[in-house]
């Protein structure tokens, strides 16, 4: 990201606005092309964004998936606490999304939240 910013800012500092506009245009065009390819091809989306992985099943940790994601149990517990989950055993499933956020499903936990 720093190098992209540099290719845009340096020409502006030298009053070469054409080069700056060209660099910004190439960057934006590349982003738009990648987004369109992700929408059209599932394999390309998986390559660029990754896919969800189940890290808790029936209240038990799925350690092989955590290792593949290079994620520690402490990191998972921290994210679950941020969502109000105090015990992994209370969960039916927890899935780590490609953006790094957990998606949680638990019937008993959902009932508790609905009562609040």
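Numbering (my numbering), first residue to last: 13 to 128. For each residue, glycine too, the CB sits at the ideal point set by N, CA and C.
Excluding the 5 residues preceding and the 5 following residue 140 in the sequence, name in chain order all residues of the same chain whose CB lies nearer than 7 Å to its CB. The chain is shown from 13 up to 128; residue 140 falls before or after that span and cannot be answered.
List the residues that DSSP assigns as beta-bridge partners of residue 69. Within the chain shown, the letter at position 57 stands for residue 69. DSSP lists 72, 105 as partners of residue 69.
Excluding the five sequence neighbours on either side, which residues of its own chain have a C-beta within less than 7 Å of the C-beta of residue 31, listed in chain order? Here residue 31 refers to the residue found at position 19 of the chain shown. Once the five neighbours on either side are set aside, the close Cβ partners of residue 31 are 23.
Across the segment 91 to 108 and the segment 43 to 53, are there enough close Cβ pairs to call them in contact, namely three or more that are closer than 8 Å? no
Whether residue 114 touches residue 88 by CB criterion (9 Å): Within the chain shown, residue 114 is the residue found at index 102, counting from 1. Within the chain shown, residue 88 is the residue found at index 76, counting from 1. Yes; because the gap between Cβ atoms is below 9 Å, this pair is in contact.
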